[in-house]
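Enquirer:
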Amino acid sequence: MPGVISRLYRGDINIDFVGKRKIWYGLSVFLLAVSILGLALNGLNLGVEFRGGSVFDFKRTPGSSIEQVRDTVTDAGVHQVIVQQAGPNWRVTTEALKGEEVTKVQRTVAQKYGVTEDEVSSQVIGATWGGEVSQKAWIGLAVFMIAIMLYLSVAFEWRMALAAIVALVHDLVITAGVYAWSGFEVTPATMLGFLTILGYSLYDAVVVFDMIKEVTGKLGTSAKMTYTQAANNALSHTLIRSLNTSLVAILPVAAILFIGTTLLGAGTLKDLSLALFVGMIVGTYSSLCVATPILVTLKEREPKWQALAQRVHAKEVSAAKAGRATKEPVSAGSQNVTVAEKRKKR
């Protein structure tokens with residue numbers, strides 16, 4: 001095992017990522033199908049910031065639980081109740097309530113948990129404001145995608161830009177699918193997490209594409225490897241960098257997600273950290289196993305690289321025939337010598 005790791009760090013291990021593209025495509029199609037199914041069946045659990053509603057915050061008392069708080073607010077005549085831990089407080093989200101309904105909830109909670117009505121803070125968020133937040137989120141995502149296309153088209157080429165965009169959409173859909181199946185609330189912090197993972201995935205893809213551009217730029221008419229082989233070689237040299245970067249980034253995010261939200265009850269961090277945790281894992285996978293195979297598939301259609309592949313294949317066939325031709329006389333000669341020796345012995 002240590003020998004494999006050391007070879008991996010030196011770039012001596014060549015993994016045929018592109019040659020196994022059908023496996024990666026099949027895995028990605030499966031993950032996308034599961035994610036889209038989750039979005040179709042469950043949808044996203046949009047936070048109050050997007051759909052509008054009322055929010056109540058009050059201090060947690062010893063012995064109180066999520067079920068007890070939910071039952072208390074429901075007894076006040078509220079139908080849609082979501083209870084979360086927010087640090088030392090309870091955070092209760094309901095449908096949009098009128099003034100007298102808000103007062104009734106505050107009074108009921110105060111009597112049940114021994115606090116004053118003033119200590120039960122309330123906030124009403126209108127659906128119009130939530131719609132504006134959703135619209136701005138989509139606009140931000142569209143601007144981000146357009147900026148990526150322009151940058152990669154100028155810095156590299158349109159094929160790399162297209163491969164990167166496909167990988168980004170792939171990461172976004174799968175991450176959204178995880179939210180749909182898990183029921184985690186989608187808040188503005190979650191949207192920031194989505195944009196962050198898109199930036200991270202883009203960074204990883206650019207590192208890989210830059211190495212591919214450097215390696216393939218040296219290929220001439222007399223090259224001994226095809227574009228596909230050169231891309232695989234570039235991936236082997238950037239593999240450990242991608243894995244190290246991902247591991248260093250994922251560990252603190254995992255600490256926030258699994259320790260901060262369970263032990264510290266940091267609800268807001270949970271919304272952000274789940275998007276980062278899933279997105280970083282999927283982003284690392286997509287930059288190696290989705291973006292690069294798509295890029296190679298597009299590049300293999302160019303006449304320049306098709307001609308190079310034919311020449312390399314012809315050289316390999318000629319070398320194989322020459323190898324067989326040099327081995328056959330030696331084999332025949334050894335058989336003749338063996339027969340002559342047998343005759344002498346007789």
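Numbering (full-length UniProt numbering), first residue to last: 1 to 346. All residues carry an ideal CB built from backbone N, CA and C; glycine is no exception.
Let me confirm a value: H170 is counted as buried when at least 16 other C-beta atoms fall within 10 Å, else exposed. Which label applies?
Expert: Note on H170: 16 or more other CB atoms within 10 angstroms of its CB, so buried under the neighbour-count rule.
Enquirer: Identify the residues that DSSP records as bridge partners of A255: which are they?
Expert: Among the bridge pairs identified by DSSP, A255 is matched with none.
Enquirer: I need the boundaries of the alpha helix (DSSP H) containing D171, first residue and last residue.
Expert: W158 to S182
Enquirer: Who are A53's beta bridge partners in DSSP?
Expert: One point to set straight first is that residue 53 is Gly, not Ala, in the sequence displayed. Answer is I125, bridged to G53.
Enquirer: Following the continuous beta strand (DSSP E) through I23, name the residue where it begins and the one where it ends.
Expert: No beta strand (DSSP E) contains I23, which is instead part of the alpha helix (DSSP H) from R21 to L41.
Enquirer: Does DSSP put F17 in a helix, in a strand, or in coil?
Expert: It is coil, neither helix nor strand.
Enquirer: Cα separation between T245 and Y285?
Expert: 13 Å
Enquirer: Can you grab the Cα-Cα spacing for the pair S242 / G63, in whole Å?
Expert: 46 Å
Enquirer: Can you check whether the CB of E49 is closer than 8 Å to the CB of T187?
Expert: yes
Enquirer: Look up E302 in the DSSP assignment and say whether it is helix, strand or coil.
Expert: coil
Enquirer: Quick check on DSSP: helix, strand or coil for E185?
Expert: The answer is strand: DSSP assigns E185 an E or B state.
Enquirer: Would you call the segment 276–292 and the segment 201–217 in contact, with 3 or more CB pairs under 8 Å?
Expert: Short answer: they touch.
Enquirer: Which partner residues does T93 have in the DSSP bridge list?
Expert: V55 and I82
Enquirer: Apart from the five residues just before and just after G309, which ones in its own chain have a Cβ nearer than 8 Å to its Cβ?
Expert: Reading the sequence as shown, one finds Ala at residue 309 and not Gly. Around A309: T226, Y227, T228 and E300.
Enquirer: For L251, which option in S236, N232 and L274 has the closest C-alpha, if you only look at C-alpha atoms?
Expert: Comparing Cα-Cα distances from L251 to each of S236, N232 and L274, the minimum goes to L274.
Enquirer: Is the beta carbon of G177 less than 8 Å from the beta carbon of L288?
Expert: In this structure, L288 does not lie closer than 8 Å to G177 by Cβ.
Enquirer: Can you tell me whether L198 is helix, strand or coil according to DSSP?
Expert: helix
Enquirer: Report yes or no: do the segment 67–78 and the segment 101–114 share at least 3 C-beta pairs separated by less than 8 Å?
Expert: yes
Enquirer: In the DSSP output, which residue or residues are listed as bridge partners for L243?
Expert: L243 pairs with nothing; no bridge assigned.
Enquirer: Taking 8 Å as the cut-off, does the segment 154–163 touch the segment 20–27 (at least 3 CB pairs, one atom from each stretch)?
Expert: no
Enquirer: Comparing C-alpha positions only, which one of V312, S28, I212 and L37 sits nearest to T292?
Expert: The candidate whose alpha carbon is nearest that of T292 is I212.
Enquirer: From I15 to I240, what does the alpha carbon distance come to, in whole angstroms?
Expert: 12 Å
Enquirer: Which stretch, first to last residue, makes up the alpha helix (DSSP H) that contains A110?
Expert: G99 to Y113
Enquirer: Kindly indicate the opening and closing residues of the alpha helix (DSSP H) around R70.
Expert: I66 to D75
Enquirer: Taking the alpha-carbon positions, what's the A254 to A155 distance?
Expert: 33 Å
Enquirer: Once DSSP output is grouped into helix, strand and coil, what is the label at L46?
Expert: strand
Enquirer: Using the rule of at least 16 other Cβ atoms within 10 Å of the residue's Cβ for burial, across every protein chain shown, is I294 buried or exposed?
Expert: buried
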